[in-house]
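Protein chains in written order, with this note's numbering: chain A, 1 to 497; chain B, 1 to 448. One structure is given below, encoded as structure tokens.
What follows is the structure, given as structure tokens:
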């Protein structure tokens, strides 16, 4: 047992877990648990007491019931790609690891539905459906690794959510195990749900209301025609102005992404290099999709706006493989930062898209004030920023400076009419900032909702809600000495997004 | 001597109180409130709810009243809280495709403003002229275009809610993507005013489509409809509306339009919105796809006819009964693939009906609307009550439902309007108790 001073009877709990799922599916030694001490948010670490691998909803139910008996905290974990600490066992306890619950249960072509276990990887749903020309639309950049259960917990987004909406717009029904030790079906695939929209309430609740074990999602018909283009800029401001003009004209492309200079340089130095000019200040990656007829008109609309701006060049992907290359560059941008900086911190904030030019220049100024290098690659069309703070952990002041800058960036987003997170969630990372956005009364209303599901706070404790009074500090886990920023190796298991 | 509590309540002084002569305008399920107010600011609404809480007044939030027939009769009804003075467009950000509107603002008013900028809120619930945004959010009310665009739930970015105790709260914001805290907008959308009263909303907008055209396709039998539906679901076509009508419903439509087609037993209406050539290509493709199955394809090119068609598909009023008959309006939630099977069941059960039975469905969404004209003096009530219970039992395997949207009081007395019996009902009850602990908001009307 790792922690001999635990307040929980760990030996007894271990035996009970082994009797539920078998010895092979319970981890409990330090060496085994170390992999689970953090997720994509490496700022915080905490070892769980156990990692258990359930194979079905019934086992999840039994594990949760056991946790209730011993009043030990529990949480679910998919691929551990959360960037807000959603999958960190902030108070220790039991992690339910979903890699065995990775079965696609049903693809219903006529009703365009897929029912899957929540450990299924996002991209695998599309792979299973594509024989019928169907796909699952939300595409977080982690989609090759992140699971649908994690996507549900965080209400994951992605580049194409600009046109197609985020996770919550595509989830119709859930099977959940709640902290009362009961399983429930929520929502329906048969027409409208009657009563409160519990699926909508559950999606994005970051594991604090319970654990989803099965997810039924809507599938869409794969658009037969796609056009992807790259607009190369000599100024970031001109690029953000273009984004604002596109939206102002009522054009909603399938995706509208901005990649800045530092990111371009990181990408071009790595294996996903696509030949973007390294001296460009920014590029916009724009995609339109739909039917063959009408696609040229969509492209023309975008081109007409582009012509009003100062653009060095516009490249249209000519082949599917060119298009794939552009997206591979975009989706692997985070990994590429390892090439230009020893460490980096990925942020997430969201602002009204018309305010991109001023907010980006303000963030740029902040970076210079703190003497920290920054990069940016984000969903410009949604106003969803991902400022990346580049730093070197060997610099003794680095951590403090990074966290203070991150706090200032969030304040900047909220001041511009935005919020704390567009798609990464609050988790451990931003809980102390919640009071920037919510009044005490509003937090109380959400806490009352939480208490309905999770009255004893055993399900994913310490997430979302502030622990302290006042606000404005990035959180770390105080009881854990190991709370330093960790070295990022650049080729990590974490797919960042 | 004990005073009649209702007299004590009627003497309460409330801000923005309306004269007693207007109480009749707020009748719900035959019940008239003791008091009515119409606040003109969220703060005033908060003060009213605070007093209501202290005096334990049962409150019914009231927009245009066009959806008040939904649900069960209120268990108690002391105060009508009208939003008709909270009717402004508070902030408009066309550059962000976002608008902030107060809950008493009508959808028609909003759409008019947006249309000037070639924008829209792409929803089309019934009662297009009167219905308010507050009413639409409270009921998650929708129309044919939900097939392509979803419902108000998909466009609600932020919501300002006056809690049961009068506290003003806001969740969400004017940004189009947001995961800061719980997604309270989803909880409130469709909550029928039972968790709080809405004062305003941030809504996401869409550009108006360049072209919109509808195709009316007539079929001789249900097998052909089934084939056509399968065929469409396997095609790349992107209709924004996909509606089913039975012959009685088609006859109503036919009266408003000038075509001289025959009345066929079944009809599918498909609407496309896109660039001109994309719409034309889809219509051509649809004709090819459905050629083996359908009897006749009518393409509406005339914009007047389009408008008439849209209205008939969207509105309820053409299908309502004339006295002494009364309308029973049901909403049956099924899987889209079950449509044909259920139409058969419904036809069989209603085969002896003397009056027309209108069956309309959002075919692609699995939602059937039944308009049945009932003679309350007969055994009709007993008969339909039994049917509803039978159907509800049959639909449990797919978690489907039969909701009585409007009906004579006698029927609602006999059968619960929602009939929701699934296990998560107890979660819903707990949510209601936690956010409205004294049970004062729309008591008795919803599933909890």
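Just so it is clear, CB atoms sit at the ideal spot from N, CA and C, and this is done for glycine as well.
Contacts with chain A at 7 angstroms (Cβ-Cβ) do not include residue 137 (chain B).
For residue 349 (chain B), the closest C-alpha among the options B:391, B:326, B:253 is that of B:391. For residue 236 (chain A), no beta strand (DSSP E) encloses it; the enclosing alpha helix (DSSP H) starts and ends at 236–248. Distance between residue 71 (chain B) and residue 446 (chain B), taken at the CA atoms: about 6 angstroms. The beta carbon of residue 169 (chain B) sits closer than 7 angstroms to some beta carbon of chain A. Sequence-distant Cβ neighbours of residue 456 (chain A) in its own chain, meaning closer than 6 angstroms and more than five residues away, do not exist here.
Taking every protein chain shown into account, the CB of residue 354 (chain B) has fewer than 16 other CB atoms within 10 angstroms, so this residue is exposed. Buried is the label assigned to residue 233 (chain B), since at least 16 other Cβ atoms lie within 10 Å of its Cβ.
Counting along the chain, the unbroken alpha helix (DSSP H) around residue 446 (chain A) starts and ends at 440–453. When DSSP states are grouped into helix, strand and coil, residue 159 (chain A) belongs to the coil group. Setting aside the 5 residues that flank it on each side, residue 430 (chain B) has no residue in the same chain whose C-beta is closer than 8 angstroms to its C-beta. DSSP places residue 364 (chain A) within a helical segment (H, G or I) once states are collapsed to three. Residues of the segment 84–95 of chain B whose Cβ lies closer than 9 angstroms to any Cβ of chain A, in chain order: 93, 94, 95.
Under the three-pair Cβ rule at 8 angstroms, the segment 159–175 of chain B does not count as touching the segment 394–405 of chain A.
When 8 angstroms is used as the limit between beta carbons, residue 301 (chain B) is near no residue of chain A, the shortest such separation being about 18 angstroms. Here residue 279 (chain A) is exposed, its C-beta having fewer than 16 other C-beta atoms within 10 Å. One finds nothing in chain A with a Cβ atom closer than 9 angstroms to the Cβ of residue 314 (chain B); even the nearest lies about 16 angstroms away.
In this structure, B:244 is the residue among B:169, B:85, B:244 with its C-alpha nearest to the C-alpha of residue 312 (chain B).
Under the three-state reduction of DSSP, residue 207 (chain B) is assigned to strand. Ranked by Cα distance from residue 212 (chain A), the options A:189, A:62, A:178 are led by A:178.
For residue 185 (chain A), the beta-bridge partners assigned by DSSP are A:175. Contact of residue 431 (chain B) with chain A is assigned, a C-beta pair being separated by under 7 angstroms.
For residue 34 (chain A), the number of other beta carbons within 10 angstroms of its own is below 16, and it is reported as exposed.
In the DSSP assignment, the residues bridged to residue 373 (chain A) are A:390.
Non-local C-beta neighbours of residue 398 (chain A) in its own chain, meaning closer than 8 angstroms and more than five positions away in sequence, comprise 343, 391, 392, 485, ordered along the chain. CA-CA distance, residue 204 (chain B) to residue 176 (chain B), rounds to 7 angstroms. For residue 273 (chain B), the three-state secondary structure derived from DSSP is strand. By the C-beta density criterion, residue 262 (chain B) is exposed, having fewer than 16 other C-beta atoms within 10 angstroms. Nearest CB-CB separation between residue 178 (chain B) and chain A: below the 7 angstroms threshold. In the displayed model, residue 223 (chain B) falls within a helix according to three-state DSSP. Counting only residues of its own chain and dropping the five nearest sequence neighbours on each side, residue 209 (chain B) has a CB closer than 7 angstroms to the CB of 273, 274. Here the alpha carbon of residue 149 (chain B) sits roughly 49 angstroms from the alpha carbon of residue 8 (chain B). Membership of residue 365 (chain B) in any alpha helix (DSSP H) is not indicated, and neither H nor E is assigned to it by DSSP.
Around the beta carbon of residue 317 (chain B), a 10 Å sphere encloses fewer than 16 other beta carbons of the protein chains shown; the residue is thus reported as exposed. Taking residue 55 (chain A) as reference, the option from A:216, A:17, A:230, A:224 with the minimal CA-CA separation is A:17. Looking at the backbone, the Cα of residue 388 (chain A) and that of residue 378 (chain A) are separated by about 10 angstroms.
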